[in-house]
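Accompanying notes for the structure given below.
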Amino acid sequence: MAKSASFQQLILTLQGFWAEHGCVILQPYDMEVGAGTFHWATTLRSLGPEPWKAAYVQPSRRPKDGRYGENPNRLGHYYQFQVIWKPSPDNFQDLYLGSLKALGIDPSLHDIRFVEDDWESPTLGAWGLGWEVWCDGMEVSQFTYFQQVGGFDCAPVSGEITYGLERLAMYVQGKENIFDLDWNGDGVTYGDVYRQAEREYSAYNFEHADTTRLFAHFADAETECAALLAQGIALPAYDQTIKASHLFNLLDARGVISVTERAAYIGRVRVLAKGCCEAWLRSRGHLPAA
Amino acid sequence: MPELLIELFSEEVPARMQARAAEELKRLVLQNLDGLGLSHESAEAFATPRRLALVVRGIPAQQPDQKIEIKGPRVGAPDKAIQGFLKARGIASIDLCRRVSDGKSESYVFDDLARGMPTEHLIMNFIESELADFPWPKSMRWGTGTTRWVRPLQFIVCLFDGRVVPVSFAGVAAGDTTRGHRFLAPALIRVLGFDDYRAKLRAAKVMLDAAERKALIVERAQAAAAGLVLIEDDALAAENAGLTEWPVVLMGSFETAFLDLPQEVLVTSMRAHQKYFALSNPDGRLANRFILVANTETADGGWAIVAGNERVLRARLSDARFFWDQDRKRTLEGRVGDLDAVVYHARLGSLGAKVGRLERLAVEIAQYVPECDVSLARRAATLAKADLTTGMVGEFPELQGVMGRYYAIQDGEQDTVALAIAEHYGPLGPSDRCPTAPLSVTIALADKLDTLAGFFAIGEKPTGSKDPFALRRAGLGAIRLILDNGLRIGLGDLFAAAVALYAPVVEASAAGVAAELLDFIADRLKVHLRDEGVRHDTIAAVFAKGDDDLVRVVGRARALQGFLAGADGGNLLTAYRRAGNIVRIETKRDGRSYDGASDPGRFAAPEEVALNESLGAIAEKTARALADEAFEDAMRTMAGLRPPIDAFFDRVTVNAEDRGLRENRLRLLAQIQATLDRVADFTKIEG
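In order, the protein sequence lines correspond to chains A and B.
Offset between the first sequence (1-based) and our numbering: plus 1458.
Offset between the second sequence (1-based) and our numbering: plus 133.
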């Protein structure tokens, strides 16, 4: 393996690689999301006939996964690198393998495998088929062909690649602890940048988040989203959907949503997501005007 | 004779779908060939992660000609009609036709020959539509296409007799090229026929046959174990064969410190996510080694692959240790309250409520389980589900129960209680080990009865192939727990009690639901005993007596079956039916019943007297034998009825002129039925 790349170099390499293949390099969606898939550049743009190629880093928050910075493998906030390509090209797997080579993972020395892993997001009303990609037994990416988003068929189909950047970096750098990752190649570690945040956000997510206010915020976001959908403006409405989704995740982490209620809340977010997808398709002229 | 070779080359096909897909491909192609009158000598189907392949050998190049008869006009029909027929069919003269008579009139028939089509054309015609409808469990679209396949399709090889059959599917035109191993031999390969295909793939690091890959994995894994014992796992070997085209077996190790973790945790960590085989020392303790199956050969002999996998396993085991340490900070007892927040089923309340019912049911059942301590049964029921709130079971749901046992021992619970927690989910199927420890049996049965009662009470019964709550498995589990342990339990009352425990969450008629459950158990019992050679109608005949003690039901059914198989039983059944038919017909005609005792004073023939006496004696003896559960004795006793019944039917006329005589004889016949019905409901016996 080539001399191990810093965390930031990994991102720059991936951006460079996909830019060279004609992707629009975007910046992260400025909302709190659980995964790169929630960026409008993936959800909304994967609908409709227009070709679209984009790549971006997305900071992602999963309040429940926070471990106060004490678990070497788990974070409440982490990074995904996302590639979305519509229609999915015939050589998508080969392109992906090319990106691994660019990162210094040489398939002639490693065991790279595509292992069945179908993807479903009940919150987005979306699903697709694909794999998790293994490198020497470690899952380093998710690879999905979108079939439906927001309950609408994806035609043409988008191909999506999600790299788990911390996992990849641990692999490339040979580190056993996320917080030991070399961030910049010049002495700054992942822990230097994020350990305090992990501690404080874990305290917030598990102990201090005011659930009464969060429930109220959820209801507000839901109401606001419905009002915006009535005006047919999909993108601002989508912001509110994402807000509601994150608020739900916070409430879930606080343990105040029972198993039965869980399904109901997910269903409420899904209704919003579907409304946004429909408004998006209408505004682009792919569905008759409301 | 020519050979057909098909390969469908795609992005990675899920391991679990490969074998079935290969068989389906074979079945569909052979079914079509057969339907077209095309024979074949042999066929073999193969699957790897990237390809489905089929070879069919010995197919004729041309479909055989087929004789067909073309029916013409009647002999003597107007000339115009005959000329029209000849012209339409291109027949030169009516003299070329045969005359065929149907007995009434004669008509012309022309013997024609339908020319067989070239096989290649016929294959083209059916392949495309079969691929379009291929029965994948899940399929997808990709790119701009609308066609579905399991994953994007990249190549099709379709060769008949060495020539490309120009089919096309999902935008891919068939050719004679494929690819080898994704990394070891990615170049295009041109193939001439199956033998060439198989040999060239092998050279290109692809082992076509999954059985060969699997055998190689097991053989190499055993060899690699060297001194250690490979913990064999057939399903795991098959899965690895489905994840590799060129399996390479490697061995890795982990820190011995992890060996402190429960063995099941280690094996599951290795197996569930990583697909590794575990190894043990000759003394049975787990070794700190594992076998992994890679899909490639590397210049460093797999050094980097092993190092990478070891790191992944270390992270997983660290996670497992974290859960193990965290989980043990609380006692199982302390977790019981948490179950109130976990939904068992939306309409059946929480797991906490389920535990409350299990406690009461366990106490009830414990009375019927020999040597079962009631207070320990209550304790085991209280703790049975507590491990569902632990981090370890959250991560590895398949370790439910198993972890509960470890945590219970940790908490200082009695060993029998800990064992009952581990075993109460069993038996999980017809071949799974059935618990035998009294406490385990009690909790396992309570769990199953509670599950069945709840879902039946809300009308969620299994239908056809749908059984989302695995109730059939629960039913069979209950049956095995009772029969294998010889438990003498009145199931109806227990079911009614179990249903009543759901109040007020579920309001249902306890007696009504219990009756439905007994029917369900009777059906499951028929299925279970069928495998042991017990006829389903004998079970039905015994169940119809309303007995809900399964041990007794089965004993009676077996004795009945033995009896019916002998000459006495067969004849007695015939007599029973004959008597029954006569009584039924006369009852209907006369509009009155012939139940009740006959009057000994009115017997005219000695055969009547003899039969009546036998019936009385035998009824009494049978009742005694039944009470003693000496079912074979009861059957043997009944066989004694045969001579007097035969004699009666030989010599006595039932429908006598004298009304009183006739009625008395009908009553006697009705008594034959009544006597036999004490043992089983013979109307349910078939054949």
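Quick reminder that beta carbons are idealized off the backbone N, C-alpha and C, glycines included.
Keep in mind that this is a model prediction, so the values were computed, not measured.
For the segment 405 to 431 of chain B, list every residue whose C-beta sits within 7 Å of some C-beta in chain E, in sequence order. In summary, chain E is missing from the structure at hand, where the protein chains are A and B.
In three-state DSSP terms, what is residue 267 (chain B)? Counting from one through the second sequence, the residue named residue 267 (chain B) turns up at place 134. Annotated three-state conformation of residue 267 (chain B) is coil, per DSSP.
Counting only C-beta atoms, is residue 489 (chain B) closer than 8 Å to chain A at any point? Start at 1 with the first residue of the second sequence, and residue 489 (chain B) comes out as number 356. Judged by the 8 Å Cβ criterion, residue 489 (chain B) is not in contact with chain A.
If you count every other CB in all the chains shown that lies within 10 Å of the CB of residue 325 (chain B), and 16 or more means buried, which is it? For the purposes of this step, residue 325 (chain B) is taken as the residue at position 192 of the second sequence. Per the 10 Å Cβ criterion, exposed.
Residues of the segment 310 to 322 of chain B in Cβ contact with chain A at a cutoff of 7 Å, in chain order, please. For the segment 310 to 322 of chain B, which is checked against every Cβ of chain A, the residues closer than 7 Å are 316.
State yes or no: is the C-beta of residue 553 (chain B) within less than 8 Å of the C-beta of residue 576 (chain B)? Stepping through the second sequence from its first residue, residue 553 (chain B) is reached at position 420. Stepping through the second sequence from its first residue, residue 576 (chain B) is reached at position 443. It is a contact, given that the beta carbons lie within the stated cut-off.
Test: residue 1460 (chain A) CB closer than 8 Å to a CB of chain B: Counting from one through the first sequence, the residue named residue 1460 (chain A) turns up at place 2. Reliability of the predicted coordinates at residue 1460 (chain A) is poor, the pLDDT of 43 falling under 50, and no value is obtained from them.
Short Cβ contact (8 Å threshold) for residue 1641 (chain A) with residue 1651 (chain A): In the first sequence, residue 1641 (chain A) corresponds to position 183, counting from 1. In the first sequence, residue 1651 (chain A) corresponds to position 193, counting from 1. Yes; because the gap between Cβ atoms is below 8 Å, this pair is in contact.
Spatial neighbours of residue 712 (chain B) within its chain, please: CB distance less than 7 Å, with the 5 preceding and 5 following residues excluded, ordered by chain position. In the second sequence, the residue the question calls residue 712 (chain B) occupies position 579. The beta carbon of residue 712 (chain B) sits closer than 7 Å to the beta carbons of 802, 805, 806 from its chain, once the five residues preceding and following it are set aside; these are given in chain order.
How about residue 1494 (chain A) and residue 1538 (chain A): are their beta carbons less than 8 Å apart? As a first step, residue 1494 (chain A) is located in the first sequence; it is residue number 36 there, counting from the start. As a first step, residue 1538 (chain A) is located in the first sequence; it is residue number 80 there, counting from the start. Yes, these two residues count as a Cβ contact at 8 Å.
DSSP bridge partner residues for residue 1543 (chain A) (one or two, in chain order): Locating residue 1543 (chain A) in the first sequence gives position 85, where the first residue counts as 1. Bridge partners of residue 1543 (chain A) according to DSSP: A:1511, A:1617.
Buried versus exposed, by CB contacts within 10 Å (16 or more), residue 533 (chain B): In the second sequence, residue 533 (chain B) corresponds to position 400, counting from 1. So residue 533 (chain B) counts as buried.
Proximity of residue 676 (chain B) and residue 686 (chain B) at Cβ, strictly below 8 Å: Taking the first residue of the second sequence as position 1, residue 676 (chain B) is located at position 543. Taking the first residue of the second sequence as position 1, residue 686 (chain B) is located at position 553. Less than 8 Å separates the beta-carbon of residue 676 (chain B) from that of residue 686 (chain B).
Leaving out five residues before and five after residue 1633 (chain A) in sequence, what residues of the same chain have Cβ atoms less than 7 Å from its Cβ? Within the first sequence, the letter at position 175 stands for residue 1633 (chain A). Here residue 1633 (chain A) has 1639 as same chain residues with Cβ atoms under 7 Å from its own Cβ, once five neighbours each way along the sequence are excluded.
On the three-state DSSP scale, how would you describe residue 1478 (chain A)? To locate residue 1478 (chain A), count along the first sequence from 1; it is residue 20. Helix at residue 1478 (chain A).
Just mark residue 681 (chain B) as buried or exposed, buried being the case when its beta carbon has 16 or more other beta carbons within 10 Å. Here residue 681 (chain B) corresponds to residue number 548 of the second sequence, with the count starting at 1. Under this definition residue 681 (chain B) is a buried residue.
Using a Cβ cut-off of 8 Å, pull out every chain A residue sitting near residue 445 (chain B), in sequence order please. Position 312 of the second sequence, counted from the first residue, corresponds to residue 445 (chain B). Those within 8 Å of residue 445 (chain B) in chain A are 1594, 1595, 1596.
Can you say whether residue 1594 (chain A) is buried or exposed, counting buried as having 16 or more other CB atoms within 10 angstroms of its CB? Residue 1594 (chain A) sits at position 136 when you count from the first residue of the first sequence. The residue is buried, with at least 16 neighbouring Cβ atoms inside 10 Å.
Using a Cβ-Cβ cut-off of less than 9 Å, give me the residues of the segment 262 to 286 of chain B that come near chain A, in sequence order. Those residues of the segment 262 to 286 of chain B that come within reach of chain A (Cβ to Cβ, closer than 9 Å) are 271, 272, 273, 274, 275, 276, 277, 278, 279, 283, 284, 285.
If you follow the beta strand (DSSP E) that residue 206 (chain B) is in, where does it begin and where does it stop? Against the second sequence, residue 206 (chain B) aligns to sequence position 73. Annotation: the continuous beta strand (DSSP E) that includes residue 206 (chain B) extends over 199 to 207.
Using a Cβ-Cβ cut-off of less than 8 Å, give me the residues of the segment 1565 to 1578 of chain A that come near chain B, in sequence order. Cβ proximity to chain B below 8 Å picks out 1565, 1566, 1567, 1568, 1569, 1570, 1571, 1572, 1573, 1574, 1576 from the segment 1565 to 1578 of chain A.
Please name the residue in B:259, B:164, B:701 whose C-alpha comes closest to that of residue 768 (chain B). Taking the first residue of the second sequence as position 1, residue 768 (chain B) is located at position 635. Relative to the Cα of residue 768 (chain B), the nearest Cα in the group B:259, B:164, B:701 belongs to B:701.
Residue 442 (chain B): contacting residues in chain A (beta-carbon distance under 9 Å): The residue labelled residue 442 (chain B) in the question sits at position 309 within the second sequence. By Cβ distance, chain A contributes 1569, 1594, 1595, 1596.
What separation, rounded to the nearest whole angstrom, lies between the Cα atoms of residue 380 (chain B) and residue 439 (chain B)? In the second sequence, residue 380 (chain B) corresponds to position 247, counting from 1. In the second sequence, residue 439 (chain B) corresponds to position 306, counting from 1. Taking the straight line joining both Cα atoms gives about 14 Å.
Taking only the alpha-carbon atoms, compute the straight-line gap between residue 394 (chain B) and residue 457 (chain B) and give it to the nearest angstrom. In the second sequence, counting from the first residue as 1, residue 394 (chain B) sits at position 261. In the second sequence, counting from the first residue as 1, residue 457 (chain B) sits at position 324. Between the alpha carbons of residue 394 (chain B) and residue 457 (chain B) lies a gap of roughly 8 Å.
Closest Cα partner of residue 1707 (chain A) within the set A:1492, A:1679, A:1463: Looking up residue 1707 (chain A) in the first sequence gives position 249. For residue 1707 (chain A), the nearest C-alpha among the options comes from A:1492.
Please check the pair residue 634 (chain B) and residue 568 (chain B), which I expect to be a contact at CB under 8 Å, by giving their CB distance rounded to whole angstroms. Within the second sequence, residue 634 (chain B) is the residue found at index 501, counting from 1. Within the second sequence, residue 568 (chain B) is the residue found at index 435, counting from 1. With a Cβ gap of about 22 Å, residue 634 (chain B) and residue 568 (chain B) do not count as contacting.
Three CB pairs or more closer than 8 Å across the segment 141 to 150 of chain B and the segment 1708 to 1726 of chain A: The segment 141 to 150 of chain B vs the segment 1708 to 1726 of chain A: no contact.
In terms of DSSP beta bridges, what is residue 195 (chain B) paired with? In the second sequence, the residue the question calls residue 195 (chain B) occupies position 62. Its beta-bridge partners are B:251.
Which residues share a DSSP beta bridge with residue 231 (chain B)? Position 98 of the second sequence, counted from the first residue, corresponds to residue 231 (chain B). The bridge partners DSSP lists for residue 231 (chain B) are B:242.
Keeping to the same chain, check which residues put their C-beta closer than 6 Å to that of residue 1460 (chain A); ignore five residues upstream and five downstream. One-based indexing of the first sequence puts residue 1460 (chain A) at position 2. Unreliable placement is indicated for residue 1460 (chain A), whose pLDDT of 43 sits below 50; the coordinate value is still reported in the next sentence. The answer, listed in chain order, is 1562.
With a CB to CB cut of under 6 Å and the five nearest residues on each side skipped, what residues in its chain are close to residue 396 (chain B)? As a first step, residue 396 (chain B) is located in the second sequence; it is residue number 263 there, counting from the start. Excluding positions up to five away in sequence, the list reads 419.
Is there contact between the segment 471 to 489 of chain B and the segment 514 to 526 of chain B, where contact requires at least three CB pairs shorter than 8 Å? These segments touch.
Can you tell me which of the three DSSP states residue 384 (chain B) falls into? Locating residue 384 (chain B) in the second sequence gives position 251, where the first residue counts as 1. DSSP places residue 384 (chain B) within a strand segment (E or B) once states are collapsed to three.
Applying the 10 Å Cβ sphere with the 16-neighbour rule, what's the burial state of residue 639 (chain B)? In the second sequence, the residue the question calls residue 639 (chain B) occupies position 506. That one is buried.
Using 8 Å as the threshold, is the C-beta distance between residue 1585 (chain A) and residue 1573 (chain A) below it? The residue you call residue 1585 (chain A) lines up with position 127 of the first sequence. The residue you call residue 1573 (chain A) lines up with position 115 of the first sequence. The Cβ atoms of residue 1585 (chain A) and residue 1573 (chain A) do not sit closer than 8 Å to each other.
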